[in-house]
Amino acid sequence: MSMKFLRNILNKEEKGFTLVELIVSMGLFTVVIFGTTSVLLVMLDANRKAQSMRGVMEGLNFALDDVGRSVRVGKEFQCLGQSEVPPLYTTPRNTAVFKAETDAAAGCWGISIQLDYGVVTYYRLGNGIRKTLVRSDGSVEYAGLLLTPPEIVANTITFHVIGNQTGDQPRVLLRIVGIAGFGDSQSTFNIQTAVTARLPNAQ
């Protein structure tokens, strides 16, 4: 009985994988791994772009909010032409002649706003919006402070002041058009906001 069992084991044919089967299996495995890796890389790139754009948009919103806060509490407004930026004055302007100059077609390169404690100026310089504050005592703060994120390239930055007569409630329109991000993460944007002053012009 034991000899017969031993002969059966010795005579039994053991089948294995052929070379073709191994090649096909490895090929399928490689395709699956490559496809999975490609999907993962696409997802990582999309997430990187989303995070980059989120940071840029938060920076833009900060700049717009800063301008909006000054406009809402501002008393007098003045548009600045290209030759007037960056502002070179070191003392607040005379509020008697501090009136808005509106150019509805082309817009302005900057805007000065009379506040209770001085004059704040927002202006385009290079690819971003900068801010300078001159207090009533003549001291200068935030001289040329860049408000917009350095990751943006602004092709268009325009300020418009509407309603500059005595008794009018001035309204400021700000438009920014440009490109955000670097390399493959670049995206275009077009943002426009309008803010109205709380108090009408007194002069």
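With our numbering applied, the sequence shown closes on residue 208, and no number is skipped along the way. Heads up, the beta-carbon is just placed ideally off N, CA and C, and yes, glycines get one too.
Could you give the DSSP three-state label for residue 191: helix, strand or coil? Residue state, collapsed to three classes: coil.
Assign residue 105 to one of two classes, buried (16 or more other C-beta atoms within 10 Å of its C-beta) or exposed (fewer than that). For residue 105, the predicted structure reports a pLDDT of 47, less than 50, and the residue's modelled location is therefore unreliable. The matter cannot be settled from this model.
Please list the terminal residues of the continuous beta strand (DSSP E) segment that includes residue 136. Membership of residue 136 in the beta strand (DSSP E) is indicated by the continuous run 133-140.
Span separating the alpha-carbon of residue 149 from that of residue 83: A straight line joining the alpha-carbon of residue 149 with that of residue 83 spans about 18 Å.
Could you tell me if residue 74 is buried or exposed, where buried requires 16 or more neighbouring beta carbons within 10 angstroms of its beta carbon? Residue environment analysis places residue 74 among the exposed positions, since fewer than 16 neighbouring C-beta atoms fall within 10 angstroms of its C-beta.
For residue 172, which of 162, 80 and 66 has the nearest alpha-carbon? Closest by alpha carbon: 80.
Suppose you measure from the CA of residue 129 to the CA of residue 52; what does that come to, to the nearest Å? Residue 129 and residue 52: Cα-Cα distance of roughly 31 Å.
Comparing C-alpha positions only, which one of 154, 122, 30 and 67 sits nearest to residue 184? Here the closest residue by C-alpha is 154.
Flag this pair as yes or no: are the beta carbons of residue 77 and residue 166 separated by less than 8 Å? Residue 166 sits away from residue 77, with the two beta carbons spaced by 8 Å or more.
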